[in-house]
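To keep things clear, I will list the structure first and then write my remarks on it.
Residue numbers (full-length UniProt numbering): 1 to 246.
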């Protein structure tokens with residue numbers, strides 16, 4: 001299992017080999033054994049396999065091709081709807097219409113998602129997390145017909161790999177692990193931690209292609225711009241209000 005975790009690769013191209021119902025259920029069963037706050041299991045997973053539904057879902061992920069190409073697309077949702085219904089049917093009034101409850105459910109959903117991904121890779125499948133889910137959560141809610149109390153958190157495409165990409169870089173362990181208390185970084189430490197990333201040929205090409213001076217500028221000015229962050233933050237906050245978490 002350690003080797004599986006350390007050899008993780010993001011797979012964006014898949015063969016047309018289907019995932020059997022038995023294997024998919026086995027992977028999902030492993031997923032729902034993840035830790036959950038208070039054993040409430042305040043999450044749901046929407047499985048998309050139908051081609052027509054993938055067509056509807058693709059624009060919600062900026063039409064990334066793997067949404068339609070992968071045999072299975074999984075949308076992991078923070079879900080207090082089911083728990084609230086149970087509470088009210090048992091003469092208990094739920095108090096989960098607040099931001100803390102959303103965070104609780106979002107954490108639950110992400111824990112399940114990671115369990116699913118590790119289980120899938122252990123069975124020879126490839127996965128890709130889609131960070132677009134929270135950007136267009138309002139559109140996904142409409143496509144998947146998510147009721148009040150349910151918010152999509154992340155999406156994972158699942159299938160047999162049709163590529164063997166190299167691993168992407170990671171910061172050294174010393175860059176992300178702190179013992180006992182958080183130790184802030186000196187400018188010299190920042191230089192050292194990001195040196196390898198900045199010197200990768202593909203990242204140098206990335207900087208040149210975008211006509212920037214540094215890799216950091218690619219992130220701040222091109223990939224994750226302030227204006228975009230503010231726009232999608234507004235959209236997500238509106239979603240949380242509409243879905244009953246504010």
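The C-beta atom is built at its ideal place from N, Cα and C for all residues, glycine as well.
Report yes or no: do the region 133-150 and the region 77-85 share at least 3 C-beta pairs separated by less than 8 Å?
-> yes
Between the Cα of residue 156 and the Cα atoms of 235, 45, 7, which residue gives the shortest distance?
-> 45
Residue 185 versus residue 197: straight-line alpha-carbon distance, rounded | 17 Å
Please go through the UniProt domain "Nitroreductase" (6-160) and give each complete alpha helix (DSSP H) segment of 4 or more residues, from N-terminal end onward.
-> Those alpha helix (DSSP H) runs which fall completely within the UniProt domain "Nitroreductase" (6-160) and span 4+ residues are 21-31, 51-57, 66-69, 81-89, 99-122, 137-144.
Is it true that the CB of residue 126 sits closer than 8 Å to the CB of residue 71?
-> no
Using DSSP with H/G/I as helix, E/B as strand and the rest coil, what is residue 178?
-> In the structure shown, residue 178 sits in coil (DSSP, three-state: anything other than H, G, I, E or B).
Buried or exposed: where does residue 100 fall if 16 or more other Cβ atoms within 10 Å of its Cβ makes it buried?
-> exposed
Which word fits residue 109, buried or exposed, when buried means at least 16 other C-beta atoms lie within 10 angstroms of its C-beta?
-> Answer is buried; the Cβ neighbour count reaches 16.
In whole angstroms, what is the alpha-carbon distance linking residue 238 and residue 42?
-> 21 Å
How would you label residue 83, buried or exposed, when you count the other beta carbons within 10 angstroms and need 16 or more for buried?
-> buried
Alpha carbon to alpha carbon, what distance is there between residue 4 and residue 122?
-> If I take the Cα positions, the gap works out to 7 Å.
Is the shortest distance between the beta-carbon of residue 53 and the beta-carbons of chain D less than 8 Å?
-> No chain D appears in the structure shown, which is made up of a single protein chain.
Segment contact, 8 Å Cβ cut-off, at least three pairs: the region 57-68 with the region 125-142 | yes
Length-filtered (4 minimum) alpha helix (DSSP H) runs lying within the region 173-236 | 173-176, 187-199, 201-209, 215-218
Does the distance from the CB of residue 236 to the CB of residue 137 come in under 8 Å?
-> yes
Meets three-Cβ-pair contact criterion under 8 Å: the region 7-17 and the region 45-54 = no
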